[in-house]
DNA sequence: TTCCTATTTGGCTAAACTGCCAAATAGGAA
DNA sequence: TTCCTATTTGGCAGTTTAGCCAAATAGGAA
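Protein chains in written order, with my numbering: chain A, 1 to 117; chain B, 1 to 117.
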């Protein structure tokens with residue numbers, strides 16, 4: 001694999017990795033509605049403030065959100081509007097899994113489905 | 001956070017997690033061109049076959065690819081065509097980072113940029 | 001059957017991630 | 001200054017991941 005390509009894929013993977021956590025997905029959904037600060041996000045998430053703060057740092061480090069300090073609060077918002085409708089394809093994957101499972105539960109369990117975990 | 005919502009976000013996160021590795025992104029790009037077997041993917045990736053096989057298992061387990069055994073070879077292909085043009089938004093994030101870095105290198109380093117890692 | 005190739009699985013080590021607590025830091029109010 | 005609230009950081013324990021090697025498995029050919 002070309003080194004240049006590898007670097008590019010690593011950059012992509014970094015962003016995806018930052019997205020790949022339920023709490024961080026929740027944060028994204030929330031601040032998509034409008035910027036929000038650490039405290040109120042923490043209340044919604046029901047975890048330790050330090051945990052939420054670290055999740056926000058991951059998102060920030062990946063370039064997905066930016067912070068804005070006002071008074072003694074820090075507000076976060078999305079950098080990229082497209083994140084909002086980013087998940088259609090993932091939903092397709094999930095829907096498809098559903099469909100496959102339903103098929104697998106039926107009488108005609110094909111070879112390929114039988115091989116599946 | 002509602003339990004139902006949490007379960008949904010966990011499912012999304014699982015798919016994203018499966019995508020979040022450079023080698024797996026490479027595999028996706030390759031089999032997007034057409035199904036491919038473990039051996040030729042391994043040759044392109046330059047890693048141990050067992051490593052590639054495990055990456056493929058991760059993608060399969062997430063529902064992103066399916067396998068098709070023919071003879072003593074196993075061919076993998078994408079389950080969802082939309083994965084192909086999935087990455088536009090991620091590119092936007094990367095481009096934006098680039099832009100921010102360029103700005104940060106300039107003379108006018110603003111408050112927010114200075115705070116950034 | 002034996003042999004060869006393709007692929008998966010088990011096991012191991014090193015590294016990364018998560019979530020909590022405690023402590024440090026920052027800003028505003030008194 | 002001291003006090004209070006908001007947030008970040010350090011550190012720790014437990015879990016997960018990545019990549020390799022070796023061994024197991026599967027299919028086809030001889």
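Glycine included, C-beta positions come from ideal geometry on N, C-alpha and C.
All values derive from a computational prediction rather than experimental measurement.
Going by C-alpha positions, residue 63/A is about 14 Å away from residue 54/A.
The Cβ-Cβ distance between residue 23/B and residue 9/A falls below 9 Å. A Cβ of chain A is located within less than 9 Å of the beta carbon of residue 16/B. At the C-beta level, residue 77/B and residue 34/B come within 9 Å of one another. In this structure, the alpha-carbon of residue 17/B lies about 25 Å from that of residue 36/A. One Cα belongs to residue 61/A, the other to residue 67/A, and the distance between them is close to 11 Å. If you draw a 10 Å sphere on the C-beta of residue 44/A, you find fewer than 16 other C-beta atoms in it, and that means exposed. Annotation: residue 48/B to residue 39/B spans about 10 Å, alpha carbon to alpha carbon. Using a Cβ-Cβ cut-off of 7 Å, residue 10/A is close to 22 of chain B, given in chain order. Taking C-alpha positions only, residue 27/B is separated from residue 80/A by approximately 27 Å.
In the three-state reduction of the DSSP assignment, residue 69/B falls in the strand class. In this structure, DSSP gives residue 78/B an extended state, which the three-state scheme calls strand. Under the DSSP assignment, residue 5/A falls in the alpha helix (DSSP H) whose first and last residues are 3-19.
For the region 32-64 of chain B, the beta-carbon criterion of a distance under 8 Å to any beta-carbon of chain A is satisfied by 44, 45, 46, 60, 61, 62, 63, 64. Rounded to the nearest angstrom, the Cβ distance from residue 20/A to residue 13/B is 5 Å, consistent with a contact under 8 Å.
Straight-line spacing of the CA atoms in residue 75/A and residue 3/B works out to 26 Å. Taking the beta carbon of residue 19/B as reference, the chain A residues within 7 Å of it are 16, listed in sequence order. For residue 26/B, the nearest CB of chain A lies under 9 Å from its own CB, placing it at the interface with that chain.
If you draw a straight line from the Cα of residue 83/B to the Cα of residue 82/A, it comes to about 16 Å.
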